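Report on one structure; see the data block that follows.
What follows is the structure, given as structure tokens:
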């Protein structure tokens, strides 16, 4: 199935798809991200390699089209230049990026760069946002 080249989902790891309290990936978000991946490219943006990512590396590399680590790109997530760098690497405008994170500072940095953003304050709100933006809109376009 061809992927929609317009919107690119950029997700945080800790606190979003990875439940630090449970020490595991959130199964409900993995399932949702898999649905999104049917139509859109999705990427992970994390600040450095950590042991949690190592524990779920195989699943993460299957789920995400690419993993961006701040140590590899030379910018932290609270630097707007990080999102410009990622957009350039993907050959898109920053406005085509949709960045989700549980840190308001990081969300504001992505917004300053021109990305669409969602500040994760609850997983249910995140799922509703992603379903509306990526699933419902993809279904409407394919009809």
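Residue numbers (our numbering): 79 to 221.
All residues carry an ideal CB built from backbone N, CA and C; glycine is no exception.
Being a predicted model, the structure only gives us computed values, none of them experimental.
Answer with buried or exposed for residue 165, where buried requires no fewer than 16 other C-beta atoms within 10 angstroms of its C-beta. buried
Can you name the start and end residues of the beta strand (DSSP E) that residue 137 belongs to? Segment 135-141 is the alpha helix (DSSP H) holding residue 137; no beta strand (DSSP E) there.
Might you give, ordered along the chain, the residues of its own chain that have their beta carbon closer than 8 Å to the beta carbon of residue 161, omitting 5 neighbours on each side? 88, 172, 175, 177, 187, 188, 191, 192 and 193
Quick one: what's residue 119 bridged to in DSSP? 86
Using DSSP with H/G/I as helix, E/B as strand and the rest coil, what is residue 212? helix
Pick from 111, 98 and 156: whose alpha carbon is nearest that of residue 224? The structure shown does not extend to residue 224, since the chain is modelled only from 79 to 221, so the question has no answer here.
Can you list the beta strand (DSSP E) stretches of 3 or more residues lying completely in the segment 155-220, in chain order? 175-179 and 194-197
Is the segment 115-124 touching the segment 200-210 in the sense that three or more CB pairs, one from each, lie closer than 8 Å? no
Length of the line joining the Cα atoms of residue 115 and residue 141: 8 Å
For the alpha helix (DSSP H) that residue 151 lies in, which residues bound it at each end? 148-151
Would you mind sorting residue 167 into buried or exposed? The rule is 16 or more other CB atoms within 10 Å of its CB. exposed
Taking just the CA atoms, how far does residue 104 sit from residue 180? 15 Å
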